[in-house]
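Student: Per the numbering used here, the sequence shown starts with residue 226, numbered consecutively.
All residues carry an ideal CB built from backbone N, CA and C; glycine is no exception.
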Amino acid sequence: MSRGMDKWGHGAVGRVVTWPAPDAYVMVEGVLLRMPMDAPGMAPGAEVVVRHDPARNRLRAHGATASHPDRGGACGDE
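(1) Let me know the secondary structure DSSP gives residue 370 once reduced to three states.
(2) From which residue to which residue does the beta strand (DSSP E) around residue 276 run?
(3) From residue 284 to residue 241, what does the alpha carbon distance come to, in whole angstroms?
(4) Excluding the 5 residues flanking residue 278 on each side, which residues of the same chain have their C-beta closer than 6 Å to its C-beta?
(5) Going by CA-CA distance only, name the one from 267, 263, 247 and 274 that's closest to residue 233.
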């Protein structure tokens, strides 16, 4: 993955669309990205925050409430 996509996606909020284990497809601002999940088994529609994983040099989806415990839903629509 190019470094530009890592910078663009890092910190973005998205929703799980589907998952072909161990990766998931996450919709972020109209772009479908494939990435591993920090917690397996997140259902489609689950809100996630995208973070760059420097150990693997790729994006990784994290549960939104775990990443932003003070915000509840990261999109503000919950």
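Tutor: Considering the structure as presented:
(1) Limits of the chain in this structure are 226 at one end and 303 at the other, which puts residue 370 out of reach.
(2) 272-278
(3) 14 Å
(4) 285
(5) 274
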